[in-house]
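All remarks here apply to the structure that follows.
In my numbering, the protein residues as written are 37 to 220.
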């Protein structure tokens, strides 16, 4: 979805309504392949765009799914998407500053006055990926990855191991005092 700011100026009283299925796989995979395994083939966007004081205001709802790596084992996990985008597109730095001062998310349009909403949708999809995501099996079993001579353990298990390591066999406790006396 691409629009020109000047074209959108005619939508002051009635917004431009757009409902579109998008394929953002190429864009997302080329820019964010580190974070996504299989990207956004069928993303649906319902958007309303209107003009306010020469600026374009876009409100959109994005739904779909992407496949991302599990944060624990890197196995593919399907992540459903359902989020909103509210952005303003302005022509001058002064308008950008005014919008930002009002707490709005605002962007400066390019020199031709073009708004590339596809890139905005792709960027917002990446922002929806949580830092911690697990596959259904990992959630169900709670199993941590392991290999030859190594394993990942939870913080609780680690704390328990530390507590057990600090417990001294009572028969050896007297030896601790022996070494302190010999230093004197």
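Yeah, the Cβ is synthetic: ideal placement off N, Cα and C, and Gly gets one too. On a predicted model such as this, the values are computed, not experimentally measured, just so you know.
Practice prompt. Answer yes or no: do residue 154 and residue 65 have a C-beta to C-beta separation smaller than 7 Å?
Written response: no
Worksheet item: When the Cα atoms are used, what is the spatial distance from residue 188 to residue 179?
Response: 9 Å
Discussion item. Using CA atoms only, rank isn't needed, just tell me which of 146, 96 and 115 is closest to residue 123.
Written reply: 96
Item to complete: Write down the C-beta distance between residue 160 and residue 102 rounded to the nearest angstrom, noting that I regard them as a contact closer than 8 Å.
Response: Actually they do not touch by this definition, with Cβ atoms about 12 Å apart.
Discussion item. Quick check: the Cα distance between residue 13 and residue 202, rounded to an integer number of angstroms?
Written reply: Any answer about residue 13 is impossible in this case: the structure gives the chain only from 37 up to 220.
Practice prompt. Go ahead and pull the three-state DSSP assignment for residue 185.
Written response: coil
Item to complete: Pull up the CB-CB distance for residue 157 and residue 41, whole angstroms please, since I reckon it's below 8 Å.
Response: About 18 Å; that fails the 8 Å criterion.
Worksheet item: Helix, strand or coil: which one does DSSP assign to residue 129?
Response: It is helical.
Fill in: Of the residues 87, 72 and 192, the one placed nearest residue 164, counting alpha carbons only
The candidate whose alpha carbon is nearest that of residue 164 is 72.
Worksheet entry | Nearest residue (CA-CA) to residue 141, options 147, 171, 107 and 91 | 91
Worksheet item: Name the DSSP beta bridge partners of residue 52, please?
Response: 85
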